[in-house]
Amino acid sequence: MRHFKTSGLVLRRGNFGEADKIITIFTPNLGKIKAVARGVRRLKSRRAPHLELFNLVELVLHHGQTFDTITEAKIINDFAEAKKDLKLTGYLFYLAEVLDKILPEHQPHPEVFTAAQTTLAAPLSDAAVKKFVVQLLWDLGYLPKGEYPKLGATDFVESVVEKRIRSKKFLEEI
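First residue of the sequence shown? That's 6 in my numbering, and the numbers climb one at a time after it.
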């Protein structure tokens, strides 16, 4: 299977080479994957706006030796309302960072993907974000169902991944 189609949530982007980007995408059937988007740093790229952070996208990928290559991208939902408000954008950064750091690559978690979609589609609030993170910890097996982290969800995630959640500080300041 050289080409395949999937939907996914763009979690992270990083420069790669002169005109390319490596895009980290969370998909329901493939888990978290990294793919190369060729030429998206060029001004006339047609795929670049579709591959913005936090967009829910429909992708066609070509299987490669090291990285898969994104050949087509189409926005399903860009969560534009959340991107207009600084506090809501902070929540988006936080959710994307937590998902990126805690999810292993190539391990599908369709229940987590559905929960992420539901959380992003609903009005974002501090309570909704905390509820999602606790549900994430339950679904991934880091906490028994019904048990809550004693330190707080973010501190618990930081202890699991052994990395700081940098967007937490941003959320506290706004």
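Beta carbons are placed, not taken as given, at the ideal position from N, Cα and C, and that holds for glycine.
Please read all numbers here as calculations on a predicted model, not as lab measurements.
Taking all protein chains shown into account, decide if residue i is buried (16 or more other Cβ within 10 angstroms of its Cβ) or exposed.
i: R52; result: buried
i: Y96; result: buried
i: T94; result: buried
i: A121; result: buried
i: L48; result: exposed
i: F9; result: exposed
i: T187; result: Since the first and last residues shown for the chain are 6 and 179, residue 187 lies out of range.
i: G22; result: exposed
i: I75; result: buried
i: G13; result: buried
i: T159; result: buried
Which one of the options has the shortest CA to CA distance from residue i?
i: A78; options: V65, T71, F84 and L156; result: V65
i: G157; options: K173, F98, F9 and E178; result: K173
i: Y2; options: R171, A120, A121 and L108; result: Within the shown structure, residues of the chain are numbered from 6 to 179, placing residue 2 beyond reach of any answer.
i: E163; options: H8, T123, F59 and E102; result: E102
i: N82; options: G151, L125 and V134; result: L125
i: E63; options: H55, R171 and P149; result: H55
i: E177; options: L91, V139 and L104; result: L91
i: E57; options: V15, K89 and T71; result: V15
i: T11; options: E23, L35, G22 and F21; result: L35
i: V165; options: W143, A132 and K136; result: W143
Based on the DSSP output, what are the partners of residue i in its beta bridges?
i: T32; result: G36
i: S12; result: E63
i: R51; result: R51 is not bridged to any residue.
i: R17; result: T29
i: V45; result: Paired residue(s): none; V45 is not in a bridge.
Can residue i be considered in contact with the ligand NAD, in the sense that its beta carbon sits closer than 6 Å to one or more heavy atoms?
i: K79; result: This structure simply doesn't include the ligand NAD, nor any ligand for that matter.
Excluding five sequence neighbours on each side, which residues of the same chain lie with their C-beta closer than 7 Å to the C-beta of residue i?
i: I38; result: I30, T32, D73, E110 and H111
i: Y153; result: V139
i: G19; result: K26 and I27
For residue i, collect the residues of the same chain with a Cβ closer than 8 Å to its Cβ; drop the 5 residues on either side in sequence, then sort them by chain order.
i: D25; result: V41, A42, R43, G44, V45 and R46
i: A87; result: F59, L93, T94, Y96, L97, L125 and L129
i: I170; result: Y99, E102, V103, K106, T159, V162 and E163
i: K135; result: A158
Who are the near neighbours of residue i in its chain, counting only those whose CB is closer than 6 Å to its CB and skipping five residues on each side?
i: L68; result: Correcting the residue type first, residue 68 is His in the shown sequence and not Leu. Excluding sequence neighbours, H68 sits near R7.
i: F84; result: F59 and L125
i: I179; result: L91, K92 and G95
Residue ranges of each beta strand (DSSP E) within the stretch 55-113, 3 or longer
Fully enclosed beta strand (DSSP E) runs of no fewer than 3 residues occupy 61-67 and 73-82 of the stretch 55-113, in order along the chain.
Starting from the N-terminal side, write out each stretch of the alpha helix (DSSP H) that is 4 residues or longer and does not extend beyond the stretch 102-174.
DSSP runs (the alpha helix (DSSP H)) wholly in the stretch 102-174: 115-126, 131-144 and 158-166.
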